[in-house]
Structure formats: structure tokens, C-alpha cells
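Structure, as C-alpha cells:
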Amino acid sequence: MAGLFAAVQFTARGGRVECLLDWCVAQGVPVQRICPNAEGFTAWLPARYYRRLHCPARRYGVQIRVNRKRGLWFFLARWRARWGLLAGPLAFLLVLHLAGGIIWSVQYNVPGPMLKKRLEAQLFSQNLQPGAAPTQADLQAAEQALLKQCPELGWITLNFADGRLTVECDRSRDTPIQPAGAKRIAAGESGRLLALNVQSGIAVKRAGQTVTAGETLIEGEKLDRDGRAVPGEAAGSAMALVQKQFRCDQSLTVAAEFPTGRLRRSEAVEGLGQRLDLPWYTKQEPDSRWQKKTTREPLSLFGFALPAVSVRTLWVEYARQEIRLTQEQAAALAAWACRRQLRQEHPDAELRTEEKERRLNNDVLQYVWTVQFEADIAVPEA
Amino acid sequence: MKKQRSVRAAPKTEKVNLFAQPDKGFYRRSILHIQCGGAIEVENCRAVLECTEDRVRLQMARWEVVLMGRKLQLESLNRRTLVLRGCISQISFQQAKREGR
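For the protein sequence lines, the chains are A and B, in the order given.
Just so we're aligned, residue 2 is where the first sequence starts under the working numbering, counting upward by one.
Just so we're aligned, residue 4 is where the second sequence starts under the working numbering, counting upward by one.
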């Protein structure tokens, strides 16, 4: 701290140097670190007192001369004629301070890289990218929009502090919520019960028994001593081994929309709520046969993000075409359709065994998929 | 005849007033402190009469103090306190002389 204040080291030679010291004491001049030598002495002095020494030094015949200078003032004085060089760092600090409200980096604490890419694209579409200056209202609006666009998310928060935007989210739970007030739990499929978990009510079946679809597994009501039914609630799950057959008829000739190979693209720059279409890329928007795909990328200069996004729009022309599938391709399509059907009916199904059978009949591939799986077959009924 | 008892006088005690002002000029007396670390502190030094690397002569109220040694250095000098550092080998006192300035 003491080094910040301006101080000079001076040499006093000849004359009556002791009288000069006495004068300093009498006038309250704080002289420090006085080192006597053969000709006089050297001492340190606050720079503002040095000019006052000239008059007494002349009176006592002492020659004084500055040896060294120290302090912030003398450091800055070296830049007196070069203020531009000093203004550069000061301007940098000012910009650094002002840039605290701009997103410098985005940190994702999300489960899975695919979800991160998806959220990244959604944030770009919400104009939340490195270089943007979001307000609290923008962040709240973006949270709401992201929850709508990504229904699999249970919650999401956007926290912006000191130039860093932190995105945190988690998937919603897949556990279905059973409707309250179910009078009985019935079997949704025919099969053999592996485990019956009763949370509320009375179990009608036991593990190991074979049940048919619609049969009651858990009863909510129970009879009292007089034989009157006491209403209650049935809740629970029933894991069963189910055998089921899925069929799919897949035609070998498929008519669908396929890209023709013609492309159109346009580019624009978005930032600060404005959009600038680049005229050399912008073309008239084509009709509905063209499918549109928009990608957004942050603009950066030497690695530093700019408050703008490059928006690239690609139109791909689709046309209805008929293609001829091979039997293998048709079987793969049919298998995929069967599996999708199973997943829709029983999302928690675990396959045990499977058998595939296919037959070609008049340009139609008949695919039969017989599968044995474990799943929860409990269906609450009011 | 009744014997008279001699009454012994109580010893006189000086009353010390703790709250009284000190003597006149108490705070302007010159005081010399010698520290073991090689520093000498002088309060209310009137003047520096001589200042060389081997010998420093200071004027106190009625005495002149001559400090002799090697590498003597006046660390701090102001109206109140003078701090001297160095290897001091000898200190002598002598009656102050009037020096014309």
C-alpha cells in the first residue's frame, strides 16, 4: 500500500546538511530512511514535500538531487503522452463489466447427449445463445416454451448468472398414475400370473394361476358380517407371462413422399430481436411440396460469441413415388410395425421368446409375430 | 502524680493525586529509549547537530548525546520521534553548547 503513494529518494550534498534535517523536523516534513554518507545523506520523502526543500537547501548551501521515484503517480506519468495505450485496458475492463449481462457460455446438466442437442436447438430458436442478453422474463418464457416442446421433460430450469446460462432438467417419470377410486383390478391380457402386488383391496387370484382377459384380479369391495358390500378401493399390479400374436400385412409396393433431390436454401442473421435476410441467399419461399428444415448456429469471431445467430433454412422437394420393396425390406417394415404395436400396448414388456412367420400372398407379405413376454396386465376398472 | 503519656505523632504521608495534571513541560521532556535490537528512539529531540555514518550528535534539552558506531541510519525523523538504527558501540553525554545557526 505504501508503494502506491508517490515518494522520492534524494541526495543532499555539501553545506550544512544537519541544518536541513532540523528544518525538516521543525516544518513537519516526514523524512525517512536517512542514510548518512561522506558527502551528506540520502533519504526518502513524500513527493509533494520535495519542492519545499529547495529554499532551505539553498539557504544552508546544500545541493539536493532526486535519485529514485516510486509510486502509482510516477508509474502513470510514464504513460502521460500515451494515453491511448492506457485507455485500451481500461476499455477492456469496462467492456468486461458491461458484458456480464450477456451469455458467454451455456452449461447443460441434462440426462443424455441427445436431449442436450435437442435442448440446444430449442434454445437457439428461443434466441438464447452465446452473445444474447436475456432478461428474467425471457428465461421464464423460454422455460415454458421448452416444457411445451419437450413433453418428456418433468421440469426444466434456466439459471443465468455472471455470463453463464445453466440449463438443468430431468425427464418425467414413466410410472403411470392409476386413477383413484377403482373398484376392481382386472386382467388386461390372458396369461399366467407371475406376481400379484396388492396395494389396496382383496386379491382374488394368486401367483401361478392362469387368468383370462377381463377376469378380476383384485376386488375393491368386501362383505361385512351381515353380507353387505363395503365399498373400497382396489390398487396394485400384476406381472404375468403373456403369449400374443401380432399380424401385419405389408404390401411390396409402397407409395410415399420421397425427396427428389432438389434443394433450396436461404440464410439470415438474427440478433437483438431483429432479423436480417442475406439477399444473395434469400429466395422466394416454395410451395407446400417442399419441406422446410431450419438450423441455427451461433456466430463467433476468433472464438468469441457474437450476439447473433445464423439461421439456415433448407427446403427439400418431396414428391409422391411408388417404390418396390424386396421381401426382406417388407419383412423388416412389418416387424417394426409389430414391435411398435407391442410397445404401445405394453411399454414395460420384456420379451421371453419370439417366433416369426411370413408368407407372400399376391404381392402382400403377411407377417405373423408370436411373442411371449412379461408385463403388467393390471387394468383398473371403475 | 499521674504519669503523662507521650503522644506519638503519625508519620506524614504525601498525598498523591492521581487525577492531577503532570508537571509543566512534562510532555516536552527529551527521552532516550535504547532497544536491544539495535534501534534507539529519541523523543523530543531538539536538533540533529551532526550526522555521519559513524557518528550522530543529537541535541536534547540540556544535554548533547553523541552516538558512535557503524552504519548509522536515521530511520524516521519528525517533530516527536527520531529513530536511529545501526551498530552502536558507544554513547556519550556532554553539556549542551550554544551553537550559532
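Note that the Cβ used here is the ideal one computed from N, Cα and C, for glycine as well.
- In the three-state reduction of the DSSP assignment, residue 47 of chain A falls in the strand class.
- Among the residues facing chain A, residue 47 of chain B is not included, as its CB has no counterpart in that chain under 8 Å away.
- The beta carbon of residue 246 of chain A is closer than 8 Å to those of 369, 370, 371, 372 in its chain, skipping five residues each way along the sequence.
- For residue 44 of chain B, there is no enclosing alpha helix (DSSP H); the enclosing beta strand (DSSP E) covers residues 42-46.
- Looking at the DSSP output, residue 57 of chain B sits in no beta bridge, so it has no partner there.
- Going by C-alpha positions, residue 139 of chain A is about 9 Å away from residue 127 of chain A.
- In the DSSP assignment, residue 381 of chain A falls outside any alpha helix (DSSP H) and within the unbroken beta strand (DSSP E) covering 379-382.
- Close to residue 50 of chain B, with beta-carbon spacing below 7 Å, are these residues of chain A in chain order: 23.
- As the crow flies, the alpha-carbon of residue 360 of chain A is around 6 Å from that of residue 366 of chain A.
- Taking 8 Å as the threshold, the shortest C-beta distance from residue 92 of chain B to chain A does not fall below it.
- In the same chain as residue 248 of chain A, and ignoring 5 residues on each side of it, the C-beta atoms closer than 6 Å to its own belong to 369, in chain order.
- For residue 275 of chain A, the uninterrupted beta strand (DSSP E) run begins and ends at 275-278, by DSSP.
- If you compare the alpha carbons of A:161, A:209, A:309, A:170 with that of residue 153 of chain A, the shortest gap goes to A:170.
- Cβ atoms of residue 41 of chain A and residue 81 of chain B stay farther apart than 8 Å, at about 20 Å.
- Near chain B, meaning a CB-to-CB distance below 8 Å, the residues of the region 24-37 of chain A are 25, 26, 27, 29, 31, 32, 33, 34, 35, 36, 37.
- Residue pairing by DSSP places residue 265 of chain A opposite A:316 in a beta bridge.
- Contacts with chain B at 8 Å (Cβ-Cβ) do not include residue 40 of chain A.
- Interface annotation, residue 81 of chain B: in contact with chain A, CB-CB separation under 8 Å.
- The shortest C-alpha to C-alpha distance from residue 193 of chain A to any of A:239, A:227, A:327, A:204 is the one to A:239.
- Proximity of residue 38 of chain B to chain A, defined by a Cβ-Cβ separation below 8 Å, is not satisfied.
- The contact set of residue 18 of chain A on chain B, defined by CB atoms closer than 8 Å, consists of 54 in chain order.
- Residue 70 of chain B has a beta carbon lying at 8 Å or more from every beta carbon in chain A.
- Comparing C-alpha distances from residue 254 of chain A to each of A:203, A:188, A:328, A:279 shows the shortest one belongs to A:328.
- Within the DSSP bridge table, the entry for residue 351 of chain A names A:375 as partners.
- Boundaries of the beta strand (DSSP E) harbouring residue 11 of chain A: 8-14, taken from the DSSP string.
- Classified as buried, residue 125 of chain A has 16 or more neighbouring CB atoms from the shown chains inside 10 Å of its CB.
- Taking C-beta separations shorter than 8 Å and ignoring five residues to either side along the sequence, the partners of residue 290 of chain A in its chain run 318, 319, 320, following chain order.
- Interface flag for residue 78 of chain B against chain A is set, since a Cβ pair is found closer than 8 Å.
- Per DSSP, reduced to three states, the secondary structure at residue 202 of chain A is coil, with no helix or strand assignment.
- Of the candidates B:90, B:71, B:66, B:89, B:66 places its Cα closest to the Cα of residue 96 of chain B.
- The beta carbons of residue 298 of chain A and residue 311 of chain A sit about 5 Å from each other, so the pair counts as a contact at 8 Å.
- According to the DSSP assignment, residue 250 of chain A belongs to the beta strand (DSSP E) that extends over 236-252.
- Between the alpha carbons of residue 68 of chain B and residue 73 of chain A lies a gap of roughly 40 Å.
- Interface criterion met: the Cβ of residue 75 of chain B is under 8 Å from a Cβ in chain A.
- Just measuring C-alpha positions, the residue of A:374, A:355, A:335 sitting nearest residue 347 of chain A is A:374.
- Taking the Cα of residue 69 of chain A as reference, the smallest distance to any Cα among A:108, A:161, A:11, A:86 is reached at A:11.
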